[in-house]
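Novice: With the numbering used here applied, the sequence shown covers 1034 to 1458.
Got a structure for you, written out below as structure tokens; questions coming shortly.
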Amino acid sequence: MSKIVQVKNAKVTSDVWAGQTIAPGEYYSIISLEQWQNDIKVFTDVANGNLVVNDGSVDILNSVNGWNWILGNKNEIMDVSDSQLSWPQFKSFYSTISGFINYIDLGTNYFVWTQYNGHKIYVPTLTKGTADAIDFETNYKPKCNKQTSTSAVGSLLVEQSIYTGPPNTKAVSIVTVDLTDRTSWYQKSVQVVDETLTDSGDGLTFNSVNPWWVNIYGRLTYTYKQIPKRDGTFGAHTDWAVIVSINNVIQTSGYTVDYVTGKVTFTGSQSGNIVKATYWHTNGVTNFSEWLLVPQAGMKYIVEHVEVQLSTDVVMTSPVRMEIWAGGNLSAYGSFPDYLFNAGYGQFRSDYRGMRDLVNAANLGQGVKAACELKNDVIVLPFDYVQAFTLDSAVGALFRFTALGGIPATGELLTATFYLQIRTS
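In structure tokens, the structure reads:
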């Protein structure tokens, strides 16, 4: 990602930003953006003019442009089509669109804005104590700086989720399915409801007609909140949970599940009882390893960094494909055929046939020693991009991660992690 060069203290006294003391009128060269991106005082003082961002040649006097420069998004600076409105004009306009209001509290006033068709609509100064400010505080402020829809972008398939930079920006890490473990491949799985299982003959083990059940509690990294689906919406991990019943009474203990073979084994005999199971499976599913990262409607994902994790016992048996599509929608892409990719819907494609390809494409990797439940050492290969790439729902962009044949690898672990920002389109 491109870095800004300097910030200038525009105050008449020294002050501290991101742990750095800067004298009045002094320029400071930033080496690493991360600490600056997580200091709200930086964004507040850029907004009120106390801190000026410099692009290496000139000062950036527009505060929103300065924010975007600090965030590394130099292509998102404001242009002549961005609109400054009064508070009554802003309310009237906002009532006609579907979007989110954001604000920054600058002490004596608020800076308020929203986005529409890629442009910012903003009120530069809403002075506290005025009728307009009281109207904002009473009727709009409680719903600001967050998504208000019921399908909000909460913790996705994430290890961490934090707000960073201007309001309504969220930084998350999203982990794919494990390509060594078919039972983690949930996105294309098919649900079966209340299948009557067949007694194997011992009254203990009952068989399903389908192997390859989804084990949502196995190797899939998730939170208890939401997991990304193929269409950009989100589901709770319990949506894919196995439900076992005996004579229509749901059981919460007293059995184990073999997700690979599709069997349920009880600790006590159930001979003569009716055993049913509700489950998701990938038996007979085409491209069952396919995993998509699809921005939710009205959102865009700015991917800054990707890492691949693989254990040292991994043997790749078929290539793994990573690609970006844009210009259509999920139903238009369908099964992602080559002719559509070559017709212009495909934006990027890379096939990794083995460890050699991964090492050649990645930056300097590192190792994680086997510990706790990990039986093998793990190699972490980072992909640090020169410039972040954006998946914008407005243009139907998505990321596709899949094997080109069968189970692509044997071993303990093979996943990818995406480090990204989530913003409104």
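Backbone N, C-alpha and C fix where the C-beta goes; we use that ideal spot for every residue, glycine too.
As the structure is a computational prediction, the values presented were derived from the model and not from experiment.
1) In terms of residue numbering, what span does the beta strand (DSSP E) encompassing E1337 cover?
2) Spatial neighbours of V1336 within its chain, please: C-beta separation below 8 Å, excluding the five flanking residues on both sides.
3) Under three-state DSSP, which class holds G1400?
4) Locate the beta strand (DSSP E) running through E1228, then write down its first and last residues.
5) Excluding the 5 residues flanking K1402 on each side, which residues of the same chain have their C-beta closer than 6 Å to its C-beta?
6) Give the secondary structure of V1075 by DSSP, where H, G and I count as helix, E and B as strand, and everything else as coil.
7) Is S1241 buried or exposed, if buried means 16 or more other CB atoms sit within 10 Å of its CB?
8) Among the candidates R1215, W1050 and S1125, whose CA atom is the shortest distance from the CA of V1292?
9) Please name the residue, chosen from A1330, V1091 and D1211, that lies closest to W1324 on a Cα-to-Cα basis.
10) Just list the beta strand (DSSP E) runs in the segment 1376-1455, keeping only unbroken ones of 3 residues or longer that don't cross its boundaries, in chain order.
11) Grouping DSSP H, G and I as helix and E and B as strand, with all else coil, what is R1263?
12) Helix, strand or coil for K1044, going by three-state DSSP, please let me know.
13) Since N1172 is in the alpha helix (DSSP H), which residue starts that stretch and which ends it?
14) Taking the alpha-carbon of V1208 as reference, which of I1276, T1238, L1343 and D1165 has the nearest alpha-carbon?
15) Does the distance from the C-beta atom of D1356 to that of F1381 stay below 7 Å?
16) Three or more beta-carbon pairs under 8 Å between the segment 1373-1380 and the segment 1393-1408, yes or no?
17) Taking contact to mean at least 3 C-beta pairs separated by less than 8 Å, is the segment 1269-1285 in contact with the segment 1326-1341?
18) Who are the near neighbours of V1318 in its chain, counting only those whose CB is closer than 8 Å to its CB and skipping five residues on each side?
19) Just mark P1175 as buried or exposed, buried being the case when its beta carbon has 16 or more other beta carbons within 10 Å.
20) State the DSSP-derived secondary structure class of W1218, mapped to helix, strand or coil.
21) Which word fits W1310, buried or exposed, when buried means at least 16 other C-beta atoms lie within 10 angstroms of its C-beta?
22) Ordered along the chain, which non-local residues of its own chain (more than five positions away) have a Cβ less than 7 Å from that of D1227?
23) Taking Cβ positions only, does V1045 come closer than 7 Å to chain D?
24) Looking only at its chain, what residues have a beta carbon closer than 7 Å to the beta carbon of Q1053, apart from the 5 residues adjacent to it on each side?
25) Just mark L1447 as buried or exposed, buried being the case when its beta carbon has 16 or more other beta carbons within 10 Å.
26) In chain order, which continuous runs of the beta strand (DSSP E) of length 3 or greater are located wholly inside the segment 1264-1311?
27) Could you check if D1371 is buried or exposed, using at least 16 other CB atoms within 10 Å of its CB as the buried criterion?
28) Could you give the first and the last residue of the continuous alpha helix (DSSP H) run that contains Y1366?
29) Check each candidate in I1137, Y1155 and K1124 and name the one with the smallest Cα separation from D1168.
30) Is it buried or exposed, T1213, if we count other Cβ atoms within 10 angstroms and call 16 or more buried?
31) From A1051 to P1244, what distance separates their C-alpha atoms?
32) Hey, how far is the Cα of T1457 from the Cα of Y1219?
33) I need the straight-line Cα distance from A1436 to L1391, nearest angstrom please.
34) Can you give me the C-alpha to C-alpha distance between Q1180 and Y1155, rounded to a whole angstrom?
35) Using DSSP with H/G/I as helix, E/B as strand and the rest coil, what is I1249?
36) Measuring straight from C-alpha to C-alpha, what distance separates V1086 and P1057?
Specialist: Answer, in terms of the structure:
1) M1332 to S1344
2) Y1418, A1421, F1422, T1423, L1424, F1432, F1451, Y1452 and L1453
3) Strand at G1400.
4) V1223 to T1229
5) D1410
6) helix
7) buried
8) At residue 1292 the sequence reads Tyr, which differs from the Val that was named. Selected option, being the one with the closest Cα: R1215.
9) D1211
10) 1379-1385, 1399-1401, 1411-1425 and 1431-1436
11) coil
12) coil
13) A1164 to N1172
14) L1343
15) Asp is not the amino acid found at residue 1356; the sequence shown has Glu there. Yes, Cβ-Cβ distance for E1356 and F1381 is below 7 Å.
16) no
17) Touching, no.
18) K1221, S1222 and V1223
19) Classification of P1175: exposed, given that the 10 Å Cβ count is below 16.
20) coil
21) The question names Trp, yet the displayed sequence has Ala at residue 1310. Classification of A1310: buried, given that the 10 Å Cβ count is 16 or more.
22) K1309 and T1311
23) The chain inventory of the structure shown lacks chain D, comprising one protein chain alone.
24) Around Q1053: Y1061.
25) A residue is called buried once 16 or more other Cβ atoms fall within 10 Å of its Cβ, and L1447 is buried on that count.
26) 1276-1279, 1282-1284, 1288-1291 and 1296-1299
27) By the Cβ-count criterion, D1371 is exposed, with fewer than 16 other Cβ atoms from all chains shown falling within 10 Å of its own Cβ.
28) From DSSP, the alpha helix (DSSP H) with Y1366 extends over L1363 to Y1366.
29) K1124
30) buried
31) If I take the Cα positions, the gap works out to 54 Å.
32) 27 Å
33) 14 Å
34) With a pLDDT of only 36 at Q1180, under 50, the local geometry of the prediction cannot be trusted, and the value read off the model is given with reservation. Approximately 18 Å, taken between the alpha carbons.
35) coil
36) 14 Å
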